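Notes for the one structure printed next.
Numbering (the numbering used here), first residue to last: -19 to 188.
This is the structure in structure tokens:
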């Protein structure tokens, strides 16, 4: 994902340097500890404003440094799941128009419960997609984590199906675009599988 300028870069640079100097084993341990601590802090706070501030921080790329730490975690772990949620939220923030188009096509192509699970408003334009991404992120920090992960998985599965359908439609006259869309579809499908597996683990109290 592309990086963006963000405020208070001094603290962020210090954190990145600190993490970069760490032993790989300690880095993985820190990824698990920060993920667990973040969820515990937000979920035990009675002030709903904490969740909203966290959402605002995510929108401003203010948690990129911590999220990068989670990127090294295995897929079916708590930090690995949070990293994938972060990827999904970043993709929507950067490419809302494209993602909305993928989602709309995907809903038409899939004959599954995924659109119901994802819970997007219809018609699904860029604004509705952004709202859905925020709702999923809010559910991660303040709702049923397993349900939020399932919603994110459904979201990814629908968008991936739409991207693949668009790739097929363009293949005859724009091979480069078709290739890019096929790659995106594959990544979204993998993302969906990982998030669904994490949701299943969470329901067994085994997502750590």
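Yeah, the Cβ is synthetic: ideal placement off N, Cα and C, and Gly gets one too. Note that the structure is predicted; figures quoted are calculated from it, not measured.
Start and end of the alpha helix (DSSP H) containing residue 93?
Taking the first residue of the chain shown as position 1, residue 93 is located at position 113. Where residue 93 is concerned, there is no enclosing alpha helix (DSSP H), given that its DSSP letter is neither H nor E.
Do residue 142 and residue 172 have their C-beta atoms closer together than 8 Å?
Locating residue 142 in the chain shown gives position 162, where the first residue counts as 1. Locating residue 172 in the chain shown gives position 192, where the first residue counts as 1. Contact check for residue 142 against residue 172 fails: the beta carbons are separated by 8 Å or more.
Rounded to whole angstroms, what is the Cα-Cα separation between residue 17 and residue 96?
If you number the chain shown from 1, residue 17 lands on position 37. If you number the chain shown from 1, residue 96 lands on position 116. When rounded, the distance between both Cα atoms is 31 Å.
If we require 4 or more residues per run, which alpha helix (DSSP H) segments fall completely within the segment 76 to 164?
Listed in chain order, the complete alpha helix (DSSP H) runs (minimum 4 residues) inside the segment 76 to 164 are 76 to 89, 94 to 98, 106 to 122, 125 to 150.
Given that a residue counts as buried once 16 or more other Cβ atoms are within 10 Å of its Cβ, and exposed if not, what is residue 82?
Reading the chain shown from its first residue, position 102 is the one you call residue 82. Buried is the label assigned to residue 82, since at least 16 other Cβ atoms lie within 10 Å of its Cβ.
Residue 70 lies in the alpha helix (DSSP H); which residues open and close that run?
Locating residue 70 in the chain shown gives position 90, counting from the first residue. Note, residue 70: alpha helix (DSSP H), 58 to 74.
Relative to the C-alpha of residue 169, which residue among 86, 120, 73 is closest?
Taking the first residue of the chain shown as position 1, residue 169 is located at position 189. That would be 86, whose Cα lies nearest to the Cα of residue 169.
Measuring alpha carbon to alpha carbon, tell me which residue in 55, 65, 4, 187 is nearest residue 116.
For the purposes of this step, residue 116 is taken as residue 136 along the chain shown, with counting starting at 1. The shortest C-alpha separation from residue 116 is found at 65.
State whether the segment 56 to 70 contacts the segment 112 to 129, with contact taken as three or more CB pairs (one from each stretch) at a distance under 8 Å.
Flag = yes, the segment 56 to 70 and the segment 112 to 129 touch.
Residue 76 and residue 106 look like a contact to me (Cβ under 8 Å); what is the Cβ gap, rounded to whole Å?
Here the question's residue 76 lines up with position 96 in the chain shown. Here the question's residue 106 lines up with position 126 in the chain shown. Contact flag correct, Cβ pair sits at about 4 Å.
Under three-state DSSP, which class holds residue 188?
On the chain shown, position 208 is the one that residue 188 refers to. Note: residue 188 maps to coil in three-state DSSP.
Report back the beta-carbon spacing between residue 167 and residue 157 to the nearest angstrom; my notes put them in contact at under 8 Å.
Position 187 of the chain shown, counted from the first residue, corresponds to residue 167. Position 177 of the chain shown, counted from the first residue, corresponds to residue 157. Going by Cβ atoms, the distance from residue 167 to residue 157 rounds to 16 Å, so no, they are not a contact pair.
If you run the structure through DSSP and keep just helix, strand and coil, what is residue 53?
Residue mapping note: residue 53 aligns to position 73 of the chain shown, counting from 1. Here residue 53 sits in coil by DSSP.
Could you tell me which of 70, 88, 128, 94 sits nearest to residue 110, measuring between CA atoms?
Within the chain shown, numbered from 1, the residue matching residue 110 stands at position 130. Considering only alpha carbons, the answer is 70.
Inspect the beta-carbon positions of residue 104 and residue 80 and report whether they are closer than 8 Å.
As a working mapping, residue 104 is identified with position 124 in the chain shown. As a working mapping, residue 80 is identified with position 100 in the chain shown. Contact flag set, yes.
Straight-line CA distance for residue 51 to residue 11?
Taking the first residue of the chain shown as 1, we reach residue 51 at position 71. Taking the first residue of the chain shown as 1, we reach residue 11 at position 31. Spanning the two alpha carbons is a distance of roughly 8 Å.
Alpha-carbon spacing of residue 120 relative to residue 48, whole angstroms:
By 1-based counting over the chain shown, the position of residue 120 is 140. By 1-based counting over the chain shown, the position of residue 48 is 68. Between the alpha carbons of residue 120 and residue 48 lies a gap of roughly 18 Å.
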